[in-house]
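Protein chains in written order, with our numbering: chain D, 1 to 99; chain R, 100 to 198.
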């Protein structure tokens, strides 16, 4: 099962690195400890909504954009291992078993 | 500031109601207490990644879809009150002050 905090952490880390910024810089701007930010990026800790807003602010990224990235990544992993069973059209199943 | 947990709670509640299902039904399927689920829907409590996956499973909704809905709602509220200041082109500012 793909967890939100892992995909979110990956997105936050990728965005930070793409900006060429360090954990130290973002942690200072977002007023979060370096260790905690690192745990969030590694998907080991849940970020509260307030902290997430603060980290996005430090990265100068709208939260909507971060969530949209996370949604795309989750969609990809859901295609590989659907959490919700996909509906199978009945006629397809009949044809397959008849073949 | 629009918080993730509030938008997420709104989306989860709207989706549940659109399915004509009760808090009691979803809380039983998702193995979360009715009171806690209600607080999540009202944006008063953060849902852990595991619990969020469980609630989405009970609603038979891919998490990617829920996040995509939340992202769209956040984008709308960001347009009304941008958390990140929008860049103002320098020439526009010059023209405006010259006018």
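A virtual CB, placed ideally from N, CA and C, is assigned to each residue, including glycine.
Rounded to whole angstroms, the gap between the alpha carbons of residue 152 (chain R) and residue 35 (chain D) is 26 Å.
Excluding residues up to 5 positions away in sequence, 74, 77 lie with their Cβ nearer than 7 Å to the Cβ of residue 2 (chain D) in the same chain. Within the model, the alpha-carbon separation for residue 6 (chain D) versus residue 44 (chain D) is close to 7 Å. The shortest CA-to-CA distance from residue 115 (chain R) to any of R:180, R:131, R:148, R:157 is the one to R:157.
It is roughly 11 Å from the alpha-carbon of residue 14 (chain D) to the alpha-carbon of residue 22 (chain D).
Put simply, the backbone Cα of residue 20 (chain D) is about 46 Å away from that of residue 127 (chain R).
Less than 7 Å separates the beta-carbon of residue 111 (chain R) from that of residue 140 (chain R). Look at residue 45 (chain D) here: in three-state DSSP terms it is coil, with no helix or strand label. When secondary structure is reduced to three states using DSSP, residue 110 (chain R) falls in the helix class. When the beta-carbon positions are compared, residue 147 (chain R) and residue 67 (chain D) stay at least 7 Å from each other. Per the coordinates, the alpha-carbon of residue 130 (chain R) lies some 31 Å from the alpha-carbon of residue 38 (chain D). Bounds of the alpha helix (DSSP H) holding residue 29 (chain D) are 23-30. Short of 7 Å from the beta carbon of residue 150 (chain R), and not among the five residues preceding or following it, lie these beta carbons of its own chain, in chain order: 131.
Against residue 3 (chain D), the close residues of chain R are 148, 149, 152, in the order they occur along the chain (beta-carbon pairs closer than 8 Å).
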